[in-house]
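J.: Sharing a structure below in structure tokens format, with a few things to ask.
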Amino acid sequence: MYIKEKYDSLGQRVAAYYLMVLKPPFAPVEGAYLSCHMEIHDFLKSFYLLLYEHPEALGFPKKQDTCMELCFTPEAKKNYIKDLDRIYHTINDFLRFLYRAGYLGKLFGNTLYLNRQLLEEFLRSDKRRKRILLSMLSSSLGFDIRIMEREVEISNRYAPKMIEGLSILATLCHEHQGDKGFSDFYRCDWEVMDKGYTPNFVYVLDRLIDYDPVYCNVKRLVRYMKALGYSFQCEQKDCFQFVVHCYHYKIKRTPLLTAIFDIRFKAMLRFSLMFVSTNRLVPFLSDAPPFIVKNFYEASCPCRGETCMRHVYMKGDLSPSVLKTGFGEKTICWRLNISYDILNETVLRLIIHYLALHQRLIQPEGKAVEIPDGYSVEW
Numbered sequence: 153m154y155i156k157e158k159y160d161s162l163g164q165r166v167a168a169y170y171l172m173v174l175k176p177p178f179a180p181v182e183g184a185y186l187s188c189h190m191e192i193h194d195f196l197k198s199f200y201l202l203l204y205e206h207p208e209a210l211g212f213p214k215k216q217d218t219c220m221e222l223c224f225t226p227e228a229k230k231n232y233i234k235d236l237d238r239i240y241h242t243i244n245d246f247l248r249f250l251y252r253a254g255y256l257g258k259l260f261g262n263t264l265y266l267n268r269q270l271l272e273e274f275l276r277s278d279k280r281r282k283r284i285l286l287s288m289l290s291s292s293l294g295f296d297i298r299i300m301e302r303e304v305e306i307s308n309r310y311a312p313k314m315i316e317g318l319s320i321l322a323t324l325c326h327e328h329q330g331d332k333g334f335s336d337f338y339r340c341d342w343e344v345m346d347k348g349y350t351p352n353f354v355y356v357l358d359r360l361i362d363y364d365p366v367y368c369n370v371k372r373l374v375r376y377m378k379a380l381g382y383s384f385q386c387e388q389k390d391c392f393q394f395v396v397h398c399y400h401y402k403i404k405r406t407p408l409l410t411a412i413f414d415i416r417f418k419a420m421l422r423f424s425l426m427f428v429s430t431n432r433l434v435p436f437l438s439d440a441p442p443f444i445v446k447n448f449y450e451a452s453c454p455c456r457g458e459t460c461m462r463h464v465y466m467k468g469d470l471s472p473s474v475l476k477t478g479f480g481e482k483t484i485c486w487r488l489n490i491s492y493d494i495l496n497e498t499v500l501r502l503i504i505h506y507l508a509l510h511q512r513l514i515q516p517e518g519k520a521v522e523i524p525d526g527y528s529v530e531w
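If you're matching positions, the sequence shown starts at 153 in the working numbering and goes up one per residue.
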């Protein structure tokens, strides 16, 4: 796996992100397998591995690795993000050049012909580093660019069919989502061949929890939630972050749990426990364990009455509820949000108890739900 607490360089940290989001190799479906499908996948994976193992060979300075938690001043955080962005944008610019070449270029045999302007736009910024990148890709992966008077020829002397795969994949992604199809392209998501395709990053979470023992509790939680009928939906937030939302189709406005994967942090996978219509849960707290009542009371946001914008927007759907506990009294209506960097045994059990509370929203008359053996907590 490519998830570490410490990398050899910032370039390796960026490469880990691309390796994490790359889809598994395309599986043949009813004889539709073509060698070009595998060759474009192998090219992208080899490119990401080259960046991971030898970032300096691709022209990236060996910047010492760090993470957001170790940047203790605003200036340090600013410089850290700036250094990461510089590496990311060089890689991203090349991948976007490939994407545009794929759907705009003309394929003849194993060669792609495109307007010189596409290459010039790619080389417009950071030209020296990008030329080093192209030179290394030529010598290591056989990726060749030949500049002619008006056109540019792209070919691959080691994997000729890779060019056809590039053209097909980029065209499918662009036809499906336009510019937004770029993320499907660099993930080599051949599922775009399916007309009913919907982008989904959930496989990244599955891959993470399957191969990293650090996330064994995540695997237990995901397995348990799937058994209860919860679904997982993933969206990419920015170049280094994607968010997994878990929800139950019978429970509206209550996504419950969010997993945030962000390559910039030491704790790359963080969890946020969230109820949206918090007031709906108040009636169930009368027979909830004391530690849940205390946790809920401390984490829920108080309603601000007439100035509470969520309350105004939701109108009749969001009537405030008064929560009276031995710890105090609070009027709430909208949100509870608790974040965890590590899903240890204690946090896992806490979430299981919140799941039981969540499940009462779909039980007849809010009937209590039994906690599974081994998850009950007495504090």
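Don't be surprised by glycine CBs; every beta carbon is placed ideally from N, CA and C. Predicted model, so just to flag it, every value in this text is computed and none were measured.
(1) Determine the direct distance from the alpha carbon of ILE403 to that of THR459, and round the result to whole angstroms.
(2) Could you check whether VAL434 and LEU409 sit closer than 7 Å to each other, using their CB atoms as the reference points?
(3) Going by CA-CA distance only, name the one from PHE443, LYS229 and ASP160 that's closest to HIS206.
(4) By DSSP's criteria, ALA115 is part of a beta bridge. Which residues make up the other side?
(5) Would a C-beta distance cut-off of 7 Å place LEU495 and VAL370 closer than the cut-off?
(6) Check whether the stretch 263-272 and the stretch 191-203 touch, using three or more Cβ-Cβ pairs below 8 Å as the test.
(7) Can you tell me which of the three DSSP states GLY457 falls into?
(8) Going by the DSSP bridge assignment, what does GLN388 pair with across the sheet?
(9) Kindly indicate which three-state DSSP category ASN496 falls into: helix, strand or coil?
(10) Thinking LEU202 and LEU210 are a contact (beta carbons under 8 Å), I'd like their distance in whole angstroms, please.
(11) Please say whether LEU259 and SER187 have beta carbons closer to each other than 7 Å?
(12) In whole angstroms, what is the alpha-carbon distance linking PHE417 and GLU517?
(13) For LEU264, I'd like the list of residues in its chain whose CB is within less than 8 Å of its CB, leaving aside the five on either flank, ordered along the chain.
(14) Do the CB positions of GLU387 and VAL395 come within less than 7 Å of each other?
(15) What's the call for MET300, buried or exposed, on a 16-neighbour Cβ count within 10 Å?
(16) Note the first and the last residue of the continuous beta strand (DSSP E) segment covering LEU266.
(17) Using a Cβ-Cβ cutoff of less than 7 Å, which residues in the same chain neighbour TYR169 once the five nearest sequence positions on both sides are dropped?
(18) Which residue or residues does DSSP assign as beta-bridge partners of ARG252?
(19) One question on the structure: do PHE384 and CYS398 come within less than 7 Å of each other, judged by their Cβ atoms?
(20) Which value, in whole angstroms, describes the spacing of the CA atoms of ARG309 and GLY294?
(21) Using CA coordinates, which residue listed in LYS156, LYS234, LYS282 and ASN489 is at the minimum distance from PHE423?
(22) Expressed to the nearest angstrom, what Euclidean distance is found between the alpha-carbon atoms of PHE249 and SER438?
(23) Who are the near neighbours of CYS325 in its chain, counting only those whose CB is closer than 6 Å to its CB and skipping five residues on each side?
(24) Cβ of ILE239 within 7 Å of Cβ of VAL173?
(25) Let's see if you can read the secondary structure: which residues bound the beta strand (DSSP E) around ASP336?
T.: The answer reads as follows:
(1) 27 Å
(2) No, the pair does not count as a contact, with Cβ atoms beyond the cut-off.
(3) HIS206 has its Cα closest to that of ASP160, out of PHE443, LYS229 and ASP160.
(4) With the chain represented from 153 up to 531, any question about residue 115 goes unanswered, as that position is not in the structure.
(5) yes
(6) Taking a cut-off of 8 Å for Cβ pairs, the stretch 263-272 and the stretch 191-203 do not touch, as fewer than three such pairs fall below it.
(7) If DSSP states are grouped into helix, strand and coil, GLY457 belongs with the helices.
(8) GLN388 pairs with PHE394.
(9) coil
(10) So it is a contact: roughly 7 Å between Cβ atoms.
(11) no
(12) 43 Å
(13) Close CB contacts of LEU264 within its chain, under the 8 Å cut and outside five residues either way in sequence, are with ALA253, GLY254, GLY257, LYS258, GLU305, ILE306, SER307, ILE315, LEU318 and SER319 (chain order).
(14) yes
(15) exposed
(16) 263-267
(17) PHE392 and ILE415
(18) DSSP output for ARG252 lists no bridge partner at all.
(19) The criterion of a C-beta distance shorter than 7 Å is satisfied by PHE384 and CYS398.
(20) 5 Å
(21) ASN489
(22) 59 Å
(23) GLY333, ASP336, PHE337 and VAL344
(24) no
(25) ASP336 -> not in any beta strand (DSSP E); alpha helix (DSSP H) instead, spanning 334-338.
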